[in-house]
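**Q** Chains as they are written, first to last, in the numbering used here: chain C, 1 to 241; chain P, 1001 to 1241.
(1) If the cut-off is 7 angstroms on Cβ atoms, which residues from the region 1147-1173 of chain P count as contacting chain C, listed in chain order?
(2) Per the contact definition of three or more C-beta pairs closer than 8 angstroms, is the region 1022-1032 of chain P in contact with the region 1170-1189 of chain P?
(3) Can you round the beta-carbon distance between residue 1127 of chain P and residue 1067 of chain P to whole angstroms, since I take them to be within the 8 angstroms contact cut?
(4) Quick one, are the C-beta atoms of residue 1132 of chain P and residue 1018 of chain P less than 8 angstroms apart?
(5) Do residue 145 of chain C and residue 13 of chain C have their C-beta atoms closer together than 8 angstroms?
(6) By Cβ distance, which residues of its chain are closer than 8 angstroms to residue 1221 of chain P, with the 5 residues on each side in sequence left out?
(7) Would you verify that the beta carbon of residue 1009 of chain P is, or is not, closer than 8 angstroms to some beta carbon of chain C?
(8) Residue 1032 of chain P by DSSP, collapsed to three states: which one?
(9) Once you ignore the five residues that flank residue 1070 of chain P on each side, which residues in its own chain have a CB closer than 6 angstroms to its CB?
(10) Residue 103 of chain C: buried (16+ other C-beta within 10 angstroms of its C-beta) or exposed?
(11) Are residue 142 of chain C and residue 106 of chain C close, meaning C-beta to C-beta below 8 angstroms?
(12) Which residue marks the beginning of the alpha helix (DSSP H) containing residue 1117 of chain P, and which one marks its end?
(13) Taking DSSP's pairing of strands, which residues face residue 221 of chain C in a bridge?
(14) Do we get a CB-CB distance below 8 angstroms when we pair residue 1006 of chain P with the residues of chain C?
(15) Throw me the rounded Cβ distance for the residue 1225 of chain P and residue 1173 of chain P pair, which I believe falls under 8 angstroms.
(16) Between which two residues does the alpha helix (DSSP H) harbouring residue 197 of chain C extend?
(17) With a CB to CB cut of under 7 angstroms and the five nearest residues on each side skipped, what residues in its chain are close to residue 1009 of chain P?
(18) Does any residue of chain C bring its CB to less than 8 angstroms from the CB of residue 1013 of chain P?
(19) If you count every other CB in all the chains shown that lies within 10 Å of the CB of residue 59 of chain C, and 16 or more means buried, which is it?
(20) How would you write the range of the alpha helix (DSSP H) that residue 157 of chain C sits in, first residue to last?
(21) Could you check which residue in C:194, C:54 and C:53 has the C-alpha nearest to that of residue 178 of chain C?
(22) What residues in its chain sit with their C-beta under 8 angstroms from that of residue 160 of chain C, if we drop five residues either side in the sequence?
(23) Given that residue 50 of chain C touches chain P, what residues does it touch there, using C-beta distances under 8 angstroms?
(24) Whose C-beta lies closer than 8 angstroms to the C-beta of residue 138 of chain C among residues of the same chain, with five residues either side of it excluded?
(25) Residues in the same chain with beta-carbon distance under 6 angstroms from residue 82 of chain C, minus the five sequence neighbours each way, listed in chain order, please.
(26) Taking the alpha carbon of residue 1153 of chain P as the point to measure from, which residue in P:1100, P:1111 and P:1171 has its own alpha carbon closest?
(27) Helix, strand or coil, according to DSSP, for residue 1183 of chain P in the structure here?
(28) Residues in the region 84-100 of chain C with C-beta within 8 angstroms of chain P's C-beta atoms, listed in sequence order?
(29) Residue 56 of chain C touches chain P at which residues, Cβ-Cβ below 8 angstroms?
(30) With residue 94 of chain C as the anchor, note down where its alpha helix (DSSP H) starts and where it stops.
(31) Relative to the C-alpha of residue 1120 of chain P, which residue among P:1064, P:1011 and P:1047 is closest?
(32) Using the beta-carbon of each residue, which ones in chain P are nearer than 9 angstroms to residue 77 of chain C?
(33) Run through chain C and tell me which residues come within less than 7 angstroms of residue 1193 of chain P, C-beta to C-beta.
(34) Please check if any C-beta of chain C sits within less than 8 angstroms of the C-beta of residue 1143 of chain P.
(35) Check the Cβ-Cβ distances between residue 136 of chain C and every residue of chain P, and say whether any is below 8 angstroms.
(36) Terminal residues of the continuous alpha helix (DSSP H) containing residue 67 of chain C?
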């Protein structure tokens, strides 16, 4: 055998996006108790080595379940990260040795995007701490996790452009048009005028006005809406153009 | 160590697209001399195990160079294929043993798209036979290569939608508007009317009419055009909308 060929562990890492009450995009970072004595750098993207009988999508779904307790979440593979030096930091090597009880010199990871309502109660079976971090306040992360987060932002924008309805995975079940607009504007590559946005939304029969208005707000109370996936599927108006 | 974690070889496989004179989309398949005695199934996507000091993008670029002799080609990673059974066919296992002089039970591959002018002379350093196959005439391929080809078609459509100018990597240096239209129509998810297409194209200052017409054609001779990448970069009109 030509030993120049790689023979390696392969992992999945998940960037889970959420949208908070201040209308900021957040991602999930995890921490285990044994990490707590160590530096803040131990905050990391949730991930795992894949099992010998597992496909990568299944491994990502397992990781998401380990964080949230949810069986099946929206997910999208977006890139394999394989820089030969991505796990060469001695601290990262030490962490892997503790986590996997083995010396690992190189590791390739397949990165996934996922979406989660930020008010979702987390029932993690694996992590002691699962926290949301606004994307402009992500600490230094181990391995190339900061690079993965950076690339995931480009990917989530492309995802929204190709399938507008994934936006409803991030919003509360009832939402105002302003919330929808702010999230869309944060995520879209294109700026869209609020008036045009209102017109567009009014033309979408799968965005249903409710008989309920905001309460306890300082501005004029806005109406709540809901997304009707069934109506959408019938029509399949894919994109805001 | 928990031996349930995968420890594996990782490869890259490349789907190289070309566009022939009958305006059909083609892909490149390769064959080595020693394969010739064997069944036609030995036609395969060009690929390779990645080296121990190599990133995946570099491995894909190396594979493309081994096929075409071109140092740097347009390429785009699109998905990791990791079904535990993707290399379990005994014939595929036998092929791997001959190719890599080792018994390989599982292999994960990272798939890439690339684009090549079909009149490009191939200077392969590795393969005896490098042939174009129209996408509706792809034979049975080993491993999950037929699935990879199928998924690559979805991906190239998305790629064209997000960056219209990659279409010029497929066209001859001088092309007619009909050629451009046919290729765009083949690749786009949306049907576009030929008249509207002409209007759009006329508005793009980076598509330059030449003082040269088709010759020896049975229909009315059409004008040739060229793509001016410099003018395009200045303007950056990304998409046909």
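No residue lacks a Cβ here, since even glycine has one placed at the ideal position from N, Cα and C.
If you're wondering where the values come from, they're calculated on a predicted model, not measured in any experiment.
**A** The structure says:
(1) 1158 and 1162
(2) yes
(3) 6 angstroms
(4) Yes, these two residues count as a Cβ contact at 8 angstroms.
(5) yes
(6) Here the set comprises 1213, 1214 and 1215.
(7) Answer yes: the Cβ-Cβ gap between residue 1009 of chain P and chain C drops below 8 angstroms somewhere.
(8) coil
(9) Sequence-distant Cβ neighbours of residue 1070 of chain P in its own chain, meaning closer than 6 angstroms and more than five residues away, do not exist here.
(10) exposed
(11) no
(12) That residue, residue 1117 of chain P, is in no alpha helix (DSSP H); it is neither H nor E in DSSP.
(13) According to DSSP, which records beta bridges pairwise, residue 221 of chain C is partnered with nothing at all.
(14) Any Cβ of chain C closer than 8 angstroms to the Cβ of residue 1006 of chain P would place that residue at the interface, and such an atom is present.
(15) Not a contact, Cβ separation roughly 10 angstroms.
(16) Note, residue 197 of chain C: alpha helix (DSSP H), 194-203.
(17) 1049, 1104 and 1107
(18) False, the Cβ-Cβ gap to chain C never drops below 8 angstroms.
(19) buried
(20) 145-162
(21) C:194
(22) 166, 167, 184, 187 and 188
(23) 1005, 1006 and 1082
(24) 27, 29, 146 and 149
(25) 108
(26) Per the Cα distances, P:1111.
(27) helix
(28) Near chain P, meaning a CB-to-CB distance below 8 angstroms, the residues of the region 84-100 of chain C are 84 and 100.
(29) 1080, 1082 and 1108
(30) 90-100
(31) P:1064
(32) 1079 and 1080
(33) Here the premise fails: no neighbours, minimum Cβ distance about 16 angstroms.
(34) Cβ-Cβ to chain C under 8 angstroms: no for residue 1143 of chain P.
(35) no
(36) Looking at the DSSP string, the run of the alpha helix (DSSP H) that includes residue 67 of chain C is 56-68.
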